[in-house]
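Below is one structure; the comments refer to it alone.
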Amino acid sequence: MSNGRILAIVIVSVTVALIVVGTLWPIPAAVAMASSGSDLLRPSTSPQAAVANLADEIGRLAWEKAYSSLANNNEFTELDFVHDLTGSYPSLRAYATLDSFDQQPLHASADEAQIQLKLHWSTVVGSFLDTRTLRVVKTGDRWAVAWPVVKEPRVPPQVIPVNYLRWDVIYRGPEDDWAAQDVEAPHVRIVDMHPVERGDGVIIMGELLNEDVVPAYVTVKATLLAQNGSAIATEDSFDKISHILLPKQVTPFLIAFHNVSLSDVANIHMEPSASLIAASADPVIEIEDQHLNPAPGASLSGNLLNQSGQVVNVAHVLETFYDKTGQLVWVSDQFVDRALLPQTPVSFTIPIPADIAAKVASERAISATYSSGRFQ
Amino acid sequence: MHKTESVAPASRPIPLSMIFMAALVVHLPLLLMKLPLKSYDANFHIFFASHYLHNWFDPWNSKWYAGFSQTTYPPMPQQWLALLSRIIGLDMAYMAVQFAAILLLALGVYRFSLLWVDHRAASFASLASVFLGSECFLVYSAGQLSTTFAAPLYLNALPYLFQWVRHGNRRSFLKGGMLFVAAAAAHHVTLLFGSLLFALPVLALVILDRQHSGRGDRERLSLPVFFFRTGSIVLVVGAAVALVLLPFWIALIHYPVTQTPIPHPSRANYLLSPQWGLNYFVVPYGALILALPFIVWRGSSVARLRPLLLGFWVALLVGLGGTTPVGRLLLGRAFDVLTMERFSYWATLLALPFVGLLAVELIDRFQMRAVVGLTIAGALTCGLAVAWASYRPADATDFKVDTVASWLNRDGHDRYRYVTLGFGNKISRLAVLTDASSVDGEWNSGRMLPELTQYGGGALTSSKYFGKPGLDALSAMLHHADRYGLKWIFVRDPYYEPLLVFGGWRRVDDLEDKTITVWSKEDVPPAVPVNAPQIPPRWQGLMWGILPIGSSILAMFLVLIPERLWHRRRVLQPSATHENLVLGRLAS
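Sequence order for the protein chains is L and A.
The opening residue of the first sequence carries number 449 in my numbering; numbering runs sequentially from there.
The opening residue of the second sequence carries number 2 in my numbering; numbering runs sequentially from there.
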């Protein structure tokens, strides 16, 4: 009986010990799944812990808890805080998930610190970075973040007249299979094309022109051919192009081939395709205040202004960069994480590789948009 | 052999026929309502079965992942399902096979418990298996047909293992061996991990019994004999399992699961993530949580029960997922591949003999009050686990995929591949209904497409729930739509629309009152069959179609041979024991 008692005590003690170990030092799989309680184990006894707890809560969308932990939550409402991070209208931010975060202390004293928090958000079209400089203050034996809230501008009620071009297409009937059109496809032409070796593969950049008087739905496919004429790889422009081209409009495109060396490529077969599409010039997005920021951290920044009366949920900026001779040297793009409200500028920044930035003399931007519930 | 104490030896055990009746009353209505169809994996098993129904000897299934081999998953329950479906259809066949597993569990728990406790406690353990939370959770919420089919076979095999190793009973060797092989043909994870948790305590029991047998005991077991008998059954069963599942081993060795691990909530720390603790601990264990102190105390106090206690303890710790580091330490990389709820299932099965003991003691002491209390505890445990499928459904909203299947099956749409977004585990049901092929699927270990394996995402249809890895996998697949003839995307979640709009896909149709939209890409060539090295050769298809289900038929045949036939053919052996039960006797 005594042996049994010892065994029971050992089993219970070891189980409790293992649970304590698993909770205090959770394995990565458990950390990835942790939803709450982690802040219980990491009290905000330092500025870094306070920021990490806040980022955890933001990542879990535990808005009430995150808001209540802020040192300056008497200055704005919880809704202001949520809208600052997710936006007031459906956008990439609204449905983004926090992939990771990192923080960098900038300044610290006995009762105040400044920390730069980088939130790496993941969205359906890629990732974006949200950088905030946070003031962290000590209240009692705990630290709390003073959140630098940025309130979204509210658009006053108004009437916006619209006067835009629109093209409709009459199809044969509902039994039509899309793209099986009996009409001549719009005329499109590749007006520029440059293959370059970069990183781990080959990149083909170029521009496509809609020569027709009707809108076109376009895409560009490229096949790399070896010396013997065999195909090395085929890729298409996917989202590195503006698929809807109005008459006489030009779009840049970029096609990436990974793990291919340009020296193995003897020829490139380009295959632009176009089909007729109903389209409109609305919403009109003006790209304004563009300016190149030199290296280090070279980039092109500017503002998008939605001149129409409807909300644009996602905007995509495609930028073409040219050298002094007017030759295309780079194509880059950026999805804008905030919705474009009517008449409200939203900034964007497109990074440029350092070696390219030195060559850039001019640039040209176009934008493509997505508004929920509206399809071409 | 020492028997554990029971205070009221005069009381009679519950007849197995009554226990089967209880299983019938509790589970048959739920199965006739097809409740498991709402679970996570039921349609996955039905999908596999539908392939066997039409291609019994060809395990290459082209409907998922542009083609994958079903030899990556032991086929026995699905093959039975396919056979029965010829009479009653796939859905009801699933219910029939699942019900057979529930009955086999009651029988298996009874026979397994008899190794540890007396008849009366064993009968209560068996009755408890009918109400077992983990069983109900796996059947009605998780839909793990293979796990719930394999475990009862192991439990039924273990008494034969005991008989063979302890007494050298050759009939037990045959019967037990065949049941082990059939269990392996039902589920590989149960074979690789669960079998040790069940078998090692039984072998330890043999050692304990050997130590307690008297000097004059003519059945006294020497250590060399113990090792010889254990080694012989391990070798023979191992060889048989290797043969019966040869295509599975070939697939596993040539194409090991090296893909990026996919997060699963059963690996969470249940204290840091209490919602998963509720899901994977409270619901499966139910009222059994109240019995934990008794299990530890009684299991420690009685020497014969200690191996069972230790087996239960290890299974419990691993089943706690990331709450303790044990799972990670014991399983290594397999921890990131397996889901942990099956360990909790095995832990509860190992706990049932203790539950039987506890029930007997409570009833003897408190009479009707204990009966009422235990009945309520059992009903609440079973009820919560069954209802959990409604409280935490696999799909938040129920919807039909029949119109999607019809759309794909008409006008040559099935010449191209498709993918769904926001369909959850309905993709298995859709795959059953349509002739078209998809690049997505629900059997992660069977996928080989690099776009899917190099990221840590699960099914593409649920990409957003896997964060960046899931969305990266989806984006990579859409980039290579031409390569796989991927022309159609069915969207039930507008979240994905920006990716499609900017990626060059256009909305071409809508279904189900515009809740499902159909998207298409221009200039995609028709899908061509992939010429993958994973395609099993014809001889493997033949093996796969004959041996696994053959092993189960042979096991049934051997187990069902009445004892009298053995006696008629052989010289009467005096060592036959009451533990060596056959169905005919048990049901009487």
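Beta carbons: idealized from backbone N, C-alpha and C, even for Gly.
Out of the options, which one is the CA nearest neighbour of residue i?
i, options, result
"Q791(L)", "G757(L), A805(L) and L502(L)", "G757(L)"
"L453(A)", "K176(A), L244(A), P262(A) and L206(A)", "P262(A)"
"V762(L)", "V226(A), Y497(A), L331(A) and P275(A)", "Y497(A)"
"P609(L)", "N751(L), P731(L), T773(L) and G774(L)", "P731(L)"
"L693(L)", "V666(L), L702(L), G750(L) and T587(L)", "V666(L)"
"S810(L)", "I652(L), G774(L) and S820(L)", "G774(L)"
"Y74(A)", "K488(A), N445(A) and L559(A)", "N445(A)"
"V519(A)", "A533(A), H28(A) and T421(A)", "T421(A)"
"D504(L)", "S548(L), I467(L), V661(L) and E632(L)", "S548(L)"
"N751(L)", "Q738(L), V760(L), T534(L) and E659(L)", "Q738(L)"
"L565(L)", "H555(L), D559(L) and V573(L)", "H555(L)"
"A24(A)", "T72(A), I364(A) and I103(A)", "I103(A)"
"I550(A)", "A269(A), L244(A), S463(A) and M77(A)", "M77(A)"
"Q755(L)", "Y770(L), P744(L) and I735(L)", "I735(L)"
"G542(A)", "Q455(A), Y346(A) and V245(A)", "V245(A)"
"A480(L)", "W591(L), L546(L), T525(L) and S516(L)", "L546(L)"
So which residues of chain A does residue i contact, with C-beta pairs closer than 8 Å?
i, result
"A674(L)", "Ordered by position in chain A, no residue passes the 8 Å Cβ test against A674(L), which lies about 18 Å from the chain."
"Y818(L)", "E498, P499, V502 and F503"
"I467(L)", "L272, L321, T324 and T325"
"S728(L)", "Those do not exist, as S728(L) stays about 15 Å from chain A at its closest Cβ, beyond 8 Å."
"T682(L)", "D483 and R484"
"H764(L)", "F503"
Assuming residue i and residue j form a contact by the criterion Cβ under 8 Å, report the distance between their Cβ atoms to the nearest whole angstrom.
i, j, result
"H265(A)", "T340(A)", "5 Å"
"A395(A)", "N426(A)", "5 Å"
"F1(A)", "L156(A)", "Because chain A is modelled from 2 through 589, residue 1(A) falls outside the range shown and cannot be assessed."
"L500(A)", "M179(A)", "The pair is not a contact, with the Cβ atoms about 52 Å apart (cut-off 8 Å)."
"V668(L)", "I689(L)", "6 Å"
"L582(L)", "P596(L)", "7 Å"
"L128(A)", "I15(A)", "6 Å"
"P537(A)", "S196(A)", "About 25 Å separates the two Cβ atoms, so there is no contact after all."
"A714(L)", "A674(L)", "6 Å"
Residues of chain A with CB under 7 Å from residue i, in chain order?
i, result
"V460(L)", "V297"
"V573(L)", "P499, L500 and F503"
"H691(L)", "G505"
"S723(L)", "E523"
Kindly indicate the opening and closing residues of the alpha helix (DSSP H) around residue i.
i, result
"W489(A)", "Careful: W489(A) lies outside any alpha helix (DSSP H), inside the beta strand (DSSP E) at L487 to V492."
"E136(A)", "G134 to C137"
"K427(A)", "K427 to L434"
"D92(A)", "M77 to L115"
"Y346(A)", "E342 to F367"
"N44(A)", "A43 to H55"
"V525(A)", "Per DSSP, V525(A) belongs to no alpha helix (DSSP H) and is neither H nor E."
"A456(L)", "S450 to L472"
"E452(A)", "P451 to T454"
"S553(A)", "R539 to L561"
"H28(A)", "L17 to L33"
Give me the chain L residues within the contact set of residue i, using Cβ-Cβ distance strictly less than 7 Å, ordered along the chain.
i, result
"P264(A)", "A477, A480 and M481"
"D337(A)", "A477"
"G468(A)", "T545, D547 and S570"
Compute the minimum distance between the beta carbon of residue i and the heavy atoms of the ligand ATP, and state whether it is under 6 Å.
i, result
"F686(L)", "Summarising the ligand content, the structure contains no ligands, and the ligand ATP is consequently not present."
Using the beta-carbon of each residue, which ones in chain A are nearer than 9 Å to residue i?
i, result
"T667(L)", "G505, K522, E523 and D524"
"S780(L)", "None at all; the shortest Cβ gap to chain A is about 15 Å."
"D550(L)", "None at all; the shortest Cβ gap to chain A is about 15 Å."
Could you give the residue range of the beta strand (DSSP E) that holds residue i?
i, result
"E655(L)", "G649 to N658"
"G757(L)", "Careful: G757(L) lies outside any beta strand (DSSP E) and carries neither H nor E."
"P153(A)", "Per DSSP, P153(A) belongs to no beta strand (DSSP E); it is in the alpha helix (DSSP H), L146 to H168."
"F181(A)", "Not the beta strand (DSSP E): F181(A) falls in the alpha helix (DSSP H), residues R171 to A187."
"I814(L)", "S810 to Y818"
"I638(L)", "V636 to R646"
Along chain D, in chain order, which residues have C-beta atoms closer than 7 Å to that of residue i?
i, result
"R343(A)", "Included in the structure are the protein chains L and A, with no chain D among them."
Open item on the list: Report the start-end ranges of each beta strand (DSSP E) in the stretch 496-580 of chain L that is 3 residues or longer and not cut off at the edges.
Closed with: 545-556 and 560-571
My parser needs the beta strand (DSSP E) runs of 3 or more residues fully inside the stretch 696-730 of chain L; what are they?
698-706 and 715-724
Q.
Quick check on the DSSP output: what are the complete alpha helix (DSSP H) runs of length 4 or more inside the stretch 233-299 of chain A, in order along the chain?
A. 247-255 and 275-278
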